[in-house]
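Residue numbers (the working numbering): 29 to 317. Where is the CB? At the ideal position from N, CA and C, for every residue including glycine.
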Amino acid sequence: MITALIRSALPRMSGSLRKVGESVLADPVAATHGSAAELGRRTGTSQATVTRFCRALGLDSYQQLLIELAQEQGRSEAAEPPSAALGPRIGPEDDLEHVIGVVAEADLRALRHTAELLDRTALEQAARALAGARRIDVYGVGGSGIVAHETQARLFGIGCAAHAWTEVHAAETSAALLTPSDAVVAVSHSGTTREVLEPLRLAADRGASTVALTGDPRSPIAQAAGVTLTSFSGETSFRRGNFGTRHSVLLIVDCLYARVAQLTYERATASIALTAHIGDAHAAGPRRR
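Here it is in structure tokens:
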């Protein structure tokens, strides 16, 4: 959806482009009833800025933006739940019911947008690369490091030789030892994290298959990877950037995991069967009085 794309791109836009994006998000309907020059005047910018805004989103023209907004508005009127009116803001006086509603709707919206816009061809390419890999490196730092460990846990559980690297020296050491038989998953919401970009580039130089999980499909990490999978943010007043996108990134990870398990069905099911007893074996017994 076009508003999800704008919301995802907004944090990385300059001041004038951000003004245009914020105006479109504040009132998408109004944006569809005027020219680029009118939108420029309304936002205190110019027609040229509006055109640059459209190009920053990967659109060919302002007309394409209008078409995308109109189509999304039609789908929204037919299917959007009433709770969407809650919006992303949480104020100091809002009650707990409002907080729960805002957070839940933000997450559900991010999941819907990610699922709808997820590139099926890219997902299949990524899954096949991971399924056939001798070894899989997963790179991520900070909040993305948590996602990297989650990715490793899922793939490792179905028999993939996966390892998460969250420290740049260790990540680069591992990347330097990769071969064309290996694969890499690089996780970065911004797509600009140097500690992820450097080992990713080194892995690509070594001939490994490379997959980017990012919120910006035009970022350096997306450009450096062979395949890019894009997530969308569920931001609220207190959840920005990586925190707002965590659920949608994990949705992509789960889709990858499920498809890799399908493609390696015998190995995956055997691995699950061999490890199924471990959790039960470590369960605490009833407490004695």
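Should V57 be labelled buried (16 or more other beta-carbon atoms within 10 Å of its own) or exposed? The residue in question, V57, is exposed, as its Cβ has fewer than 16 Cβ neighbours within 10 Å.
Find out if the Cβ-Cβ distance for the pair S209, A157 is shorter than 7 Å. At the C-beta level, S209 and A157 stay beyond 7 Å of one another.
Have a look at R162 and S299 and give me their C-alpha separation to the nearest angstrom. The alpha-carbon separation between R162 and S299 amounts to approximately 16 Å.
Could you have a look at T221 and say whether DSSP puts it in helix, strand or coil? Note: T221 maps to coil in three-state DSSP.
Buried versus exposed, by CB contacts within 10 Å (16 or more), I30: I30 is classed as buried because its beta carbon has at least 16 other beta carbons within 10 Å across all chains shown.
7 Å Cβ cutoff, D135 in contact with chain D: The question asks about chain D, but that chain is absent: this structure has only one protein chain.
Buried or exposed, going by whether 16 or more other CB atoms sit within 10 Å of the CB of Q180? So Q180 ends up on the buried side.
Is the distance from the Cβ of A296 to the Cβ of V239 below 7 Å? Their beta carbons are not under 7 Å apart, which means A296 does not touch V239 by this criterion.
Could you tell me whether the stretch 196-213 touches the stretch 136-145, where touching means 3 or more Cβ pairs closer than 8 Å? Segments in contact, no.
Alpha carbon of L97 to alpha carbon of A132, nearest angstrom: Approximately 24 Å, taken between the alpha carbons.
In the DSSP assignment, find the alpha helix (DSSP H) that holds D244 and state where it starts and stops. For D244, there is no enclosing alpha helix (DSSP H), as DSSP marks it with neither H nor E.
Between the alpha carbons of A204 and A176, how many angstroms are there, rounded? One alpha carbon belongs to A204, the other to A176, and they sit about 19 Å apart.
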